[in-house]
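Notes for the one structure printed next.
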Amino acid sequence: MSTILERYKAAFQKHEELAKHAGQIFPDGVTHDGRHADPFPIYIDRTKGSKKWGVDNREFIDYWAGHGSLLLGHGHPAIVEAVRNQMERGTHYGACHPLELEWACIVTDLIPSAERVRFVNSGTEATMMALRLSRTYTGKNKLLKFAGHFHGWHDFVVQDAQPPFGKPVPGIPGEVLNTTVICPPNDIGAVERCLQTDSDIACIILEPTGGSWGTIPTKVEFLRQLREVTHHYGVVLIFDEVVTGFRVSPGGAQGHYGVTPDLTSLAKILAGGLPGGALVGKKEILNLISIKEQADSEEYKKMPHPGTFNANPLSASAAIAMLKIVKTGEPHPHVNRTAAVLRDGFNEVIDRHELDWAAYGEFSCLKLLVGHGEKVPARDFNPHEWDYRRLKGGAKPELSINLRCGMLLNGIDFPGGAMTTTAHTDEDIQQTIVAFEQTIEWMKEDGLM
Ligand code: PMP
C-alpha cells in the first residue's frame, strides 16, 4: 500500500499545480509563514460554518478558524448581512463615521482596561503602537518580553518569539535588539532581577494565557505578580490579547482572570473576521496620540498616528455584528466545551496507541505535542511542568507533516493545533477524533512510530 504522502500527492493534484505556480511567485509559495506546508499546501475555494472546500471541491472540517478570528465560524449570517449592507454604502468614507464609534463603545464596554481606543489594521500594528506609547509615557526605552510569546513581526518583538531560541533574527539592527530584554516565561524572579538592575525598561508585554495562545501556558499567579511588580517599578503592563480578546471570555483573558493591564492589543475577533486591530487602555497613555491634549502640555509628546484603513467601515460593520454576539456570552460555553471534548478524545486515542504525544490547552484551544520522547500518559500531561523549548518547536517535523497530510486525506484541516467555533457541531468533533485515530494508524503502518 502507498504511504500517506504518496496518497496525499495523488489526491491533491489540483492543489499541487497551484502550489507549483505559487512557488514561482511567492517566497516559499505562500503569503504567511504559517501557511507553508510540506509537500505543498491545500488551496481553498469557499467556506461555510465549520467547513471549507478545496479547489477540487473536497470538503474539510476547519480548525484554523481564520487564524483565530472566526469565533462564530465561516459566513455567520449576521456578519454576512452587515458586510453586504455596508458594501452598498461604501468601503471607505475618508471621514469619521458612526460605525467606528459604535464599534469602540462595544469594545470599551467589554474589555476592562479599555478607557480609550485607537483602531489600527492588525495585531502587529497594535503591539507596535503599545511599545511606542509606553516609551513616550515612561521616558524609558526598553521592552521586556517572554521567550516563546508572539506579538507580530515588527523589529521589537520578533526576537525569540519562535524557535530557534537565542539566535538573533536577521535584519534587526543591534541597537534595536539591545532594547528588547527577554525573560523565560512564568519566572517572576527573572523579571524582578531585570527590573531591579535595569531602570530603562518601559514596559512588559505578554500573551496572557501563554505563548502562542497557551502553547506555553501562563500561570495565573504570574499575571498577578506581573501586575504587582509593574506597579512597583512604574512599568507599563501590556496584555497582547490579539487571540484571547473576546475568545477566552467577552472581556478577554483580563476579564476572565480579573487582572487589568495598562494597555491591551486587540485584533482578529475584534474585527469580525475582516482586517483590523486596536490598541486600548489607560486614558493618560492613549491620550499621548491626542494633538489637542499634547498641544497644551509643556513637553510636546504627541505620537503621530495616521493609517489609511484605520476603523474602515467594512471591518467596523463585521466587527459590530460579531461583538454584539460575543457580548451575550453565548458563544463561550459552546466553544470551550467542544474544544475540551476534542482534547479528551485525542488523548484517549493517544493513550490507546501508547504514543508520546499529548493534547492540552484551555478554553477553545487544542494544542498538540507530538513525539515528546517521555513516557507520560496523555491524560496526565501537565504542560506547566515542561520547558518552553520543548513545548514550542520540539516536535519532529516528519510526524507533524504526516499528521497534517493524513488529517487532510481524512477531511480535516488541522494545522497542528485547533481553535473551535460556534459552528463546530458535536458530530464534527466526533468525526475529527475518528480521523485522528485513522491517521495515527496510517502513520504506524508507514513505520513513522
Ligand atoms: N499577537 C498575537 C498574540 C498573535 O497571535 C498575532 C497573530 N497571530 C499577532 C499579535 C499579530 O497579529 P497580526 O497577524 O494581525 O499582525
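First residue of the sequence shown: 27, per our numbering; consecutive thereafter. Don't be surprised by glycine CBs; every beta carbon is placed ideally from N, CA and C.
{"Query": "Could you check if residue 149 belongs to the surroundings of the ligand PMP, using beta carbon to heavy atom distance under 7 Å?", "Result": "yes"}
{"Query": "Grab the span of the beta strand (DSSP E) containing residue 40 for me, first residue to last.", "Result": "Residue 40 -> not in any beta strand (DSSP E); alpha helix (DSSP H) instead, spanning 39-49."}
{"Query": "Sorry if obvious, but does the Cβ on residue 269 come closer than 7 Å to a heavy atom of the ligand PMP?", "Result": "yes"}
{"Query": "Between residue 291 and residue 152, how many whole angstroms is the CB-CB distance? I'm expecting something under 8 Å.", "Result": "4 Å"}
{"Query": "Hey, residue 78 and residue 439: beta-carbon distance below 8 Å or not?", "Result": "yes"}
{"Query": "Could you name the residues of the same chain whose beta carbon sits closer than 7 Å to that of residue 442, not counting the 5 residues immediately before and after it, in chain order?", "Result": "394, 426 and 430"}
{"Query": "Going along the chain, which unbroken runs of the alpha helix (DSSP H) with 4 or more residues stay wholly within the stretch 56-83?", "Result": "none"}
{"Query": "Buried or exposed, going by whether 16 or more other CB atoms sit within 10 Å of the CB of residue 321?", "Result": "exposed"}
{"Query": "Would you check if the distance between the CB atom of residue 414 and the CB atom of residue 242 is smaller than 8 Å?", "Result": "yes"}
{"Query": "For the beta strand (DSSP E) that residue 394 lies in, which residues bound it at each end?", "Result": "391-395"}
{"Query": "I'd like the list of long-range same chain contacts for residue 162, defined as Cβ closer than 7 Å, with 5 residues on each side in sequence excluded.", "Result": "314, 327 and 329"}
{"Query": "Who are the near neighbours of residue 239 in its chain, counting only those whose CB is closer than 6 Å to its CB and skipping five residues on each side?", "Result": "269 and 391"}
{"Query": "Suppose the cutoff is 6 Å on Cβ atoms and the five residues either side in sequence are ignored; what does the same chain contact list for residue 444 look like?", "Result": "89 and 392"}
{"Query": "Which of helix, strand or coil does DSSP assign to residue 439?", "Result": "strand"}
{"Query": "Identify whether residue 156 lies in helix, strand or coil by the three-state DSSP scheme.", "Result": "helix"}
{"Query": "Between residue 176 and the ligand PMP, is the CB less than 7 Å from at least one heavy atom?", "Result": "yes"}
{"Query": "So residue 349 and residue 136 are supposed to be a Cβ contact under 8 Å. How far apart are they, rounded?", "Result": "7 Å"}
{"Query": "State buried or exposed for residue 359, treating a residue as buried only when at least 16 other CB atoms are found within 10 Å of its CB.", "Result": "exposed"}
{"Query": "Just the Cα atoms here: how many angstroms apart are residue 493 and residue 372?", "Result": "Nothing about residue 493 can be read from this structure; the chain reaches only from 27 to 475."}
{"Query": "So, helix, strand or coil for residue 98, using DSSP?", "Result": "coil"}
{"Query": "Nearer than 7 Å: is that true of the beta carbon of residue 282 relative to any heavy atom of the ligand PMP?", "Result": "no"}
{"Query": "What is the C-beta distance between residue 62 and residue 54, in whole angstroms, given that I count them as a contact (C-beta under 8 Å)?", "Result": "5 Å"}
{"Query": "Would you kindly check if the distance between the Cβ of residue 71 and the Cβ of residue 60 is under 8 Å?", "Result": "no"}
{"Query": "In the DSSP assignment, what residue or residues form a beta bridge with residue 142?", "Result": "307"}
{"Query": "Under DSSP, the alpha helix (DSSP H) around residue 465 begins and ends at which residues?", "Result": "452-471"}
{"Query": "Could you give the C-beta distance for residue 303 and residue 296, rounded to a whole number, given that I count them as a contact under 8 Å?", "Result": "7 Å"}
{"Query": "Nearest CA to the CA of residue 308: which residue from 120, 134, 49 and 375?", "Result": "134"}
{"Query": "Shortest alpha-carbon distance to residue 126 belongs to which of 144, 139, 138 and 36?", "Result": "144"}
{"Query": "For the candidate residues 386, 169, 381 and 354, whose alpha-carbon lies nearest to that of residue 366?", "Result": "386"}
{"Query": "Please list, in chain order, all residues of the same chain as residue 186 whose beta carbon is under 8 Å from its beta carbon, the five residues on each side excluded.", "Result": "171, 173, 174, 192 and 208"}
{"Query": "DSSP state of residue 86, grouped into three classes?", "Result": "strand"}
{"Query": "Indicate the three-state DSSP secondary structure (helix, strand or coil) for residue 35 in the structure shown.", "Result": "helix"}
{"Query": "Count the C-beta pairs between the stretch 336-344 and the stretch 109-127 that are closer than 8 Å, then say yes if the count reaches three, no if not.", "Result": "yes"}
{"Query": "For residue 362, which residues from the same chain have a beta carbon less than 6 Å from its beta carbon, with the 5 sequence-adjacent residues on both sides left out?", "Result": "389 and 390"}
{"Query": "When every heavy atom of the ligand PMP is checked, does at least one fall within less than 7 Å of the C-beta of residue 47?", "Result": "no"}
{"Query": "With a threshold of 16 other CB atoms inside 10 Å of the CB of residue 323, please say whether the residue is buried or exposed.", "Result": "exposed"}
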